[in-house]
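A short write-up of the structure that comes next.
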Amino acid sequence: MASEPSIIQCQGVTKSYGDTQILQDFDLEVTAGEKVAIIGPSGSGKSTILRLLMGLESYQSGRILISGNLLPSEKESRSKRARRVPVQGHDVGLVFQHFNLFPHMTAIENVIEAPIRVLKLSPAAARTRARDLFEKVGLFGRDDAYPRQLSGGEQQRVAIARALAMQPKILLFDEVTSALDPELVGGVLNVLRKLAAESGVTMLVVTHEMAFARDVSDRVLFMEKGRIIEQGPPSLIFSAPQNERTRSFLREILGKSD
Amino acid sequence: MTFDVHLAVQILPLLLRGLVVTIEATLAGFVCALIGGLVLAPGYRANSQIARTASRGLVEFIRNTPLLVQLYFLFYGLPLLGIRFSAMLTGVLGLGIYYSAYIAEVYRGGVDAIPAGQWDAAQALRFSRSQTWRRIILPQAIPPVIPVLGNYLIGMFKETPLLAMITIPELLSAARQVTGTTYRYTEPYTMVALIFLVISYSTSLLFRHLERRIGV
């Protein structure tokens, strides 16, 4: 692992909104292809990490490197409103909790738009890619449906296909089943399970589904108040957590879901 | 005073010629305003502070001075700077600039109603700034504001008599011409009012129909 360069490196990253400290001195190294689950109570900064890695927000201090390229911090991007950090060749994709599909486009248009406009794929090639991905995520015969005509589970499958169509090296999943009706959660989780098992893409998954975190991840991070409290292989974190806070969090969340 | 129906009918062709000019000026001015608004509105969300301040300042300046004063400024002021436009082009530009400030605000309302998640998704897919505006934001922001745009179109139409002040032979000018030769005021101005009423009202019906069609 020492010779393998990390695809994601966060070093002493801090992030705050006004007086509210979201991340403090946050360190994280992820190797290419690794599947990392991030768990912890809400407000612990889990989603913020994904937004920083995606470049949707900038951080105040520390360093974030993706494939060795530095993401500009707030100071470096100079403008205070540096929400839109342009990063060349930034091979990161994000699947959102609320899907964020484009409502004025059909399912397949949602998927092909960026490959055509950004990757300059031909429309035919983009369509072929989209259909393959729909098959992969288990969406059948819904190509021309608009997002409002799709169930939550179908919308999230489209959103996953949309992110995959850009062929990112790193895929971030931000509580992608939290907005779904309970009966639709399992199907979407299976899509992610399959993806984790079959693809070499690096995955960071923020989730409240503990069984899922245990099944898909190589490593689990437990976060609280903007810090990583404990991390390790899922077998260890779920069966023998060392930290008392991890234990009480797992007790509470597993107690609830049983 | 009696209303001379015969005279009213007689002057109608002359008035309608003025009406053609009015409609031309309105449509051309409105197209200018729609485009001008599209230039100004993204300025509100530009990354550069200078661009944001500039678009805000321009909009406030335009909205807080009377249209007639702006028309005079363009008509009499620009030639002093060596810029010579025809009266019609000056009028169209004047209407277009004035209404672009209002229409920029309308667009802004539409854009502000777009959830932040749409911007996030566009950025996560690495769309450029202009692709995000053209492909993601505006196609969602504009349909809901079409009825409001329709109101501004009718508003602009009803402001066009101001163009008579800068020698454009529009509907009101035509009516004044009639009064100059016949010394009759009731018929020409009544006809002008009726023509404005008919066109404004039918345009508003058209937009109401459009509103139902796009379901907003």
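Chains as they are written, first to last, in the working numbering: chain A, 1 to 258; chain B, 1001 to 1216.
Using N, Cα and C, we set each Cβ at its ideal position, and we do this for glycine too.
So I1136 of chain B is in the alpha helix (DSSP H); what residue range does that whole segment cover?
Note, I1136 of chain B: premise wrong, no alpha helix (DSSP H); not H, not E.
Apply the 10 Å Cβ neighbour rule to P943 of chain B and answer buried if 16 or more other Cβ atoms are within range, or exposed otherwise.
No statement about residue 943 of chain B is possible, as the shown extent of chain B runs from 1001 to 1216 and does not include it.
Using a Cβ-Cβ distance cut-off of 8 Å, determine whether R81 of chain A contacts chain B.
Residue placement at R81 of chain A is flagged as unreliable, the pLDDT there being 46, under the threshold of 50; the coordinate-derived value follows with that caveat. Cβ-Cβ to chain B under 8 Å: yes for R81 of chain A.
Closer than 8 Å, CB to CB, is N243 of chain A near chain B or not?
No - not a single Cβ of chain B is within 8 Å of the one on N243 of chain A.
I'd like to know whether the C-beta of L1125 of chain B is nearer than 8 Å to at least one C-beta of chain A.
Yes, because at least one Cβ of chain A sits closer than 8 Å to the Cβ of L1125 of chain B.
Mind pulling the chain B residues with CB within less than 9 Å of F96 of chain A?
Within chain B, the residues near F96 of chain A are G1117, D1120, A1121, A1124.
Tell me whether A161 of chain A sits in a helix, a strand or coil according to DSSP, three-state version.
Helix, per DSSP.
Residues of chain B with CB closer than 9 Å to the CB of H104 of chain A, please, in chain order.
Ordered by position in chain B, the residues that pass the 9 Å Cβ test against H104 of chain A are I1136, P1139, Q1140, P1143.
Do the stretch 169-176 of chain A and the stretch 202-211 of chain A meet, that is, are 3 or more Cβ pairs less than 8 Å apart?
Yes: at least three Cβ pairs fall under 8 Å.
So, is the C-beta of L56 of chain A closer than 8 Å to a C-beta in chain B?
Interface residue, yes.
Taking the alpha helix (DSSP H) that S1173 of chain B belongs to, which residues open and close that run?
Looking at the DSSP string, the run of the alpha helix (DSSP H) that includes S1173 of chain B is 1171-1182.
Taking one C-beta from the stretch 1151-1164 of chain B and one from the stretch 128-135 of chain A each time, how about it: are there three or more such pairs within less than 8 Å?
No, because fewer than three Cβ pairs between the stretch 1151-1164 of chain B and the stretch 128-135 of chain A fall closer than 8 Å, the two stretches do not touch.
Anything in the stretch 194-206 of chain A with a Cβ closer than 9 Å to a Cβ of chain B? List those residues in chain order, please.
The stretch 194-206 of chain A vs chain B, Cβ under 9 Å: nothing.
Any beta-carbon of chain B closer than 8 Å to the one on G93 of chain A?
Cβ-Cβ to chain B under 8 Å: yes for G93 of chain A.
Which chain A residues sit within Cβ distance under 7 Å of Q1131 of chain B?
Residues of chain A passing the Cβ test: R117.
What does the alpha-carbon distance come out to for the pair L1089 of chain B and F1073 of chain B?
Looking at the two C-alpha atoms, the distance is approximately 14 Å.
Quick one: list the residues of chain B neighbouring M166 of chain A, beta-carbon separation under 8 Å, in chain order.
Those are L1125, R1126, listed as they occur along chain B.
Check the Cβ-Cβ distances between N69 of chain A and every residue of chain B, and say whether any is below 8 Å.
With 8 Å as the cut-off, N69 of chain A does not count as an interface residue toward chain B.
S61 of chain A bridges to which residues according to DSSP?
Looking at the DSSP assignment, S61 of chain A forms a beta bridge with A:T14.
I need the straight-line Cα distance from S1130 of chain B to A1122 of chain B, nearest angstrom please.
The straight-line gap from Cα to Cα measures roughly 11 Å.
Of all Cβ atoms in chain B, is any one closer than 8 Å to the Cβ of A114 of chain A?
Yes, contact with chain B.
Measuring straight from C-alpha to C-alpha, what distance separates E1159 of chain B and L1172 of chain B?
Straight-line Cα distance between these residues: approximately 11 Å.
Below 8 Å on the Cβ atoms is my contact criterion, and I expect G1091 of chain B with A1025 of chain B to pass it. Report the Cβ-Cβ distance as a whole number of Å.
Going by Cβ atoms, the distance from G1091 of chain B to A1025 of chain B rounds to 6 Å, so yes, they are a contact pair.
Go ahead and label D144 of chain A buried or exposed: buried means 16 or more other beta carbons lie within 10 angstroms of its beta carbon, across all protein chains shown.
Result: exposed.
Does DSSP classify R84 of chain A as helix, strand or coil?
With a pLDDT of 47 at R84 of chain A, under the threshold of 50, the modelled position of this residue cannot be trusted, and the question is left open.
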